[in-house]
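According to mature numbering (1 follows the signal peptide of the UniProt record, and there is no 0), the residues represented by the sequence shown are -21 to -1, 1 to 715, in order. For each residue, glycine too, the CB sits at the ideal point set by N, CA and C. Small disclaimer: the values here were computed from a predicted structure and weren't measured.
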Amino acid sequence: MIRPSLLALCASLALAHPVMAEKLTPERLFSDPDINGPTAKGVALSPDGKRVTYLKAKAEAANVQDLWAVDVKGGEPYRLIDANALSSGDKALSEAELARRERARVLARGVVEYSWDSEGRFVLVPLDGDLYVDSVADGKVTRLTQTPGDEVDAKVSPKGKFVSYVRDQNLYIRPLSGGEETAITAEGKGALSFGVAEFIAQEEMDRDTGYWWSPDESRIAYTRVDESGVDVVPRADIGPSGATVIDQRYPRAGRPNAVVELFVRDLASGKVVQIDLGADKDIYLARVAWSKDGKTLYVQRQSRDQKTLDLIAFSPASGQGKTILTETDPHWVELHDDFRPLVDGSFLWSSEKSGNKHLYHYAADGKLLAQVTKGDWPVDKVEAVDEKRGLVFFGASIDTPIERRLYSASYKKPGAPVAMTPAGGWWTARVAATGAFVGSYSDPKTPPQTALYDPAGKRVRWIEENRLDAAHPYGAYAGDHLVPEYGVLKAADGQALHYSLLKPAGFDASKKYPVIVSVYGGPHAQRVTRSWNVNDEAFANAGYVVFKLDNRGSSNRSTAFKTALDRRMGTVEVEDQFVGAAFLKTLPYVDPERLGVMGWSYGGFMTLMMLTAEGTPFKAGVSGAPPTEWGLYDTHYTEQFMGKPDENKAGYAASDFLNRMDKLKPGSLMLIHGMADDNVIFENSTRVLAALQKKGIAFETMLYPGERHSVIRSRTKGLHVMKTHLDFFDRKLKGE
């Protein structure tokens, strides 16, 4: 597959419009149409292979999504569901649905998810708490539910006979051909829920469902979640017109979790069997999956300390099981979605036991058959399996951590992976069992482009070409497009630290510029990639060098790189960021006295740590929604990296901002938080506000009434957040 070069296109645009090139401003960045152009999200191939469906933002309202489709054989894309035709967009969603969307970081409204039936005849669409079905043949949209409660986590059963959903903490199914719903459970209320992924599963474990259909539709496995032992943390949801106190069940580090049990119901007989997860109730139900023949229910059970992960094969008829594989690690065992049961009973699995995440092929009884991938690089995730050819498809960064490609490898005759996409940027893909895939690509000069490719990687047709021409929303700015420089520094232990550096617009090597270091710095994240990102351009256009560095602890690297922060968050990450700061000071065009730092969530924590570290080189920082004391954060995340508070008192104390705030330079901090945050609870910031005020240490703050952890839900709020950053840095780093 040959990707059209955007280098030549950008050059031609610059030549065609040498005078009209504009500089990207925050106002334009947060206005419509989306500056990134039309992008396809939530892409899926229909089961019959005839269509590709995807979510697409409205040109006039980038935060409202419709459902679109395009035929594989040709023709223009067409809209299946117009969100505005079915919803006014002003319906008040339930707290459960709002929380679920926050966990999934769903910031848009309209159509935010959908699912196909097994034969590609229709699409199930949840919208504003109710369910709709679109018939592909005639385009007719039928409303399935209209109830006071919200139907959430809706699914089409494997053979397309039923639709299932959770409402008011109970699980229901309804025939798609018509008829009344059937309650699978009825006891859900208060602290008891059925078929629901509990807070921890959604927020930290990447498990967003609590029920699973068997392949033949004869059984449903579902969770029983008892939160009665979880601490109630009264959370003030402070909005623009008042405050509401929400008694949130929030499992803080070291405190009780929800008790999660697993049951299987036989739909024909109504018989319910409990799956025996063991005598220890203080565990995590990590993953659940059915075998291809539906005769085995696989469960991944993780210990509370997260150092042991068991794969257990259960009989759904008896509820009894056998552990067929156990992973252990002295630091922690990462959860993954790479388990793939195969028709012959064997399975694929990923493990970091070699020092990098790689794929393995096991027999049904857990005997290792072969290591499928190996090398000094990690597999990102399994995308699909072609059992006819014995191939597994996966994403990985083999050549360099800052690029991602799609690969295939044989699990029957393991050998070197075969690249299915070219190098040079960042690929994501949805892969069919045949190896055909919908791939999305971007690089620093190419906005996201999505197309359908055959198994050889040849483009079949565009889904969303998003060509960067004069008509593109970014077209007027292409002549002055800023592209980051990439490089590698060395950590104290010799590990490679990748960075990106974006120079200001109109760069003059004879001048001295202020720098903004944009940081996240925490686990499960990577910031430095060869991909399209114009958000930083607004800061560069304001006269700043923008610098990013992926420190030890961040993802897509070796096990040693990721576990370097074990039990000591806020230490090695800061050391690595200071390596970056030292490098910046060597650049002749950087003013070493004008370094700033900004970050959100873990990046907000990092900002506080970096501003108060001994000998800090940073003059000012903006900390957004920071965890300021890890004992206030949730169990699964915090304990994975820090252990329980009573087991690591020194680590918790060292990372508590209040214990180091005396080192904060007066006037150097801007603190930002949403006043309805249900993830990093607002208390994380109020304790800092009070302590700094008590000490008489000057600082600035910006609070957002009614906003949760993801403050930038609207374009107007996003603009305000960015301008708040710029105003602060202009005053602190430029003296304006």
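Residue 462 vs residue 490 beta-carbon contact at 8 Å:
no
Can you find at least 3 beta carbon pairs, one from the stretch 377 to 386 and one from the stretch 331 to 346, that sit closer than 8 Å?
no
Among 289, 295, 274, 273, which one has its Cα closest to the Cα of residue 254?
295
In terms of residue numbering, what span does the alpha helix (DSSP H) encompassing residue 585 cover?
581 to 591
Whose C-alpha, out of 518, 625, 688, 642, is nearest the C-alpha of residue 706?
518
Roughly how far, in whole angstroms, is the beta-carbon of residue 507 from the beta-carbon of residue 529, given that I think they are within contact range, below 8 Å?
5 Å
Can you check which of these residues, 438, 235, 574, is closest to residue 260 by C-alpha distance?
235
If distances are taken between C-alpha atoms only, which option among 135, 314, 143, 114 comes closest to residue 181?
314
Assuming residue 120 contacts residue 60 (C-beta within less than 8 Å), just tell me the rounded distance between them.
7 Å
Give the secondary structure of residue 701 by DSSP, where H, G and I count as helix, E and B as strand, and everything else as coil.
helix
From the DSSP output, in three-state form, read off residue 427 for me.
strand
Whose C-alpha, out of 28, 596, 12, 642, is nearest the C-alpha of residue 50?
28
Which runs of the beta strand (DSSP E) fall wholly inside the stretch 522 to 561 and span at least 3 residues, in chain order?
524 to 528
Extent of the continuous beta strand (DSSP E) run through residue 476
475 to 481
For residue 19, does the three-state DSSP call read helix, strand or coil?
coil
Three CB pairs or more closer than 8 Å across the stretch 492 to 512 and the stretch 408 to 419
no
Quick check on the DSSP output: the beta strand (DSSP E) that includes residue 280 runs from which residue to which?
276 to 282
Same chain, Cβ closer than 6 Å to residue 551, five either side skipped, listed in chain order
531, 543, 544
Pairwise C-alpha distance: residue 169 and residue 131
17 Å
Closest to residue 229 by CA distance: which of 210, 217, 307, 222 is it?
210
Is residue 731 helix, strand or coil when you go by DSSP?
Examination of residue 731 is not possible in this model, given that the chain is present from -21 through 715 alone.
Taking 8 Å as the threshold (C-beta atoms), are residue 145 and residue 174 in contact?
yes
Residues near residue 694 by beta carbon distance below 8 Å, same chain, minus five either side:
9, 10, 11, 41, 42
How close, in whole Å, do the beta carbons of residue 373 and residue 358 come, if the pair is a contact with beta carbons under 8 Å?
5 Å
Within the stretch 114 to 191, ranges of the alpha helix (DSSP H) (whole runs, at least 4 residues):
178 to 183
Three-state secondary structure assigned by DSSP to residue 694:
helix
Nearest-angstrom Cα separation, counted from residue 200 out to residue 183:
22 Å
Identify which residue in 63, 104, 271 has its Cα closest to the Cα of residue 32.
104
Which first and last residues belong to the alpha helix (DSSP H) in which residue 515 is found?
514 to 520
Given a cut-off of 8 Å, decide if residue 110 and residue 133 are closer than it, judged by their beta-carbon atoms.
yes
Which word fits residue 17, buried or exposed, when buried means at least 16 other C-beta atoms lie within 10 angstroms of its C-beta?
buried
Who pairs with residue 446 in a beta bridge, going by DSSP?
In DSSP, residue 446 forms no bridge with anything.
Test item: CB-CB of residue 683 and residue 654 under 8 Å
yes
Let's see if you can read the secondary structure: which residues bound the beta strand (DSSP E) around residue 102?
101 to 106
Residues in the same chain with beta-carbon distance under 7 Å from residue 402, minus the five sequence neighbours each way, listed in chain order, please.
378, 382, 384
Can you give me the C-alpha to C-alpha distance between residue 241 and residue 195, rounded to a whole angstrom?
19 Å
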